[in-house]
Amino acid sequence: MILADTGFFIALGNKQDRFHKSAVQAVTNLNELLITTYPVVTETSYLLARDAGLVVQFNFLEEVANGSFSIFDFQSHHITRMVELMRRYADLPMDFADASLVVLAEHLNEGRILTSDRRDFSIYRWNNTKSFENLLVLE
Numbered sequence: 001m002i003l004a005d006t007g008f009f010i011a012l013g014n015k016q017d018r019f020h021k022s023a024v025q026a027v028t029n030l031n032e033l034l035i036t037t038y039p040v041v042t043e044t045s046y047l048l049a050r051d052a053g054l055v056v057q058f059n060f061l062e063e064v065a066n067g068s069f070s071i072f073d074f075q076s077h078h079i080t081r082m083v084e085l086m087r088r089y090a091d092l093p094m095d096f097a098d099a100s101l102v103v104l105a106e107h108l109n110e111g112r113i114l115t116s117d118r119r120d121f122s123i124y125r126w127n128n129t130k131s132f133e134n135l136l137v138l139e
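According to full-length UniProt numbering, the sequence shown holds residues 1 to 139 in order.
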């Protein structure tokens, strides 16, 4: 499974996004299931409505409902780890959605991700030492 971040979903859904072609290409070329988190879904839904309109937001939420990608179900101990990570990376700062993806990487032992957030995900480490591999080609 490949982790999917907010920026990837926004680029995929918003044809005006500068990474739209890269996101479409990634979906076309990668033959693996995508997984994300509810914080990412929430952030994506809000940003799509704000920046691309309600129709685009609804299209995204329909993809969620249709099971186009998996959504990780957190337990309370995952939240504790997310807070720990947000404290560790407070200087960036790390938001809740990003922390949820680091925890997901740790849970799955998987660091491949689709994200437009090059800077932060080049700094974050899952399992404290492992770096992410961004599969979204950013032009």
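Every residue, glycine too, gets a C-beta built ideally from N, C-alpha and C.
Is the beta carbon of residue j closer than 8 Å to that of residue i?
i      : j      : result
Gly7   : Phe60  : no
Leu33  : Phe69  : yes
Leu101 : Leu30  : no
Thr115 : Phe121 : yes
Phe72  : Thr42  : no
Ile35  : Met1   : yes
Tyr124 : Asp98  : yes
Asp56  : Leu48  : Before going further, note that residue 56 is Val rather than Asp in the sequence given. Closer than 8 Å, so yes.
Measuring straight from C-alpha to C-alpha, what distance separates residue i and residue j?
i      : j      : result
Phe58  : Ala52  : 11 Å
Arg112 : Leu54  : 30 Å
Ala26  : Leu135 : 7 Å
Pro39  : Leu104 : 12 Å
Arg87  : Gly67  : 33 Å
Would you mind reading off the limits of the alpha helix (DSSP H) that contains residue i?
i      : result
Phe58  : 54–65
Leu30  : Counting along the chain, Leu30 falls outside any alpha helix (DSSP H), and DSSP gives it neither H nor E.
Leu108 : 96–108
Thr129 : Neither: Thr129 is in no alpha helix (DSSP H) and is coded neither H nor E.
Phe121 : 118–123
Arg87  : 76–88
Arg112 : Where Arg112 is concerned, there is no enclosing alpha helix (DSSP H), although the beta strand (DSSP E) it sits in stretches over 112–114.
Using the Cβ count rule (16 or more neighbours within 10 Å means buried), how would you classify residue i?
i           : result
Asp91       : exposed
residue 140 : Any answer about residue 140 is impossible in this case: the structure gives the chain only from 1 up to 139.
Terminal residues of the continuous beta strand (DSSP E) containing residue i?
i    : result
Thr6 : Note, Thr6: premise wrong, no beta strand (DSSP E); alpha helix (DSSP H) at 6–13.
Looking at chain B, is there any beta carbon in it that lies within less than 8 Å of the beta carbon of residue i?
i     : result
Asn66 : The question asks about chain B, but that chain is absent: this structure has only one protein chain.
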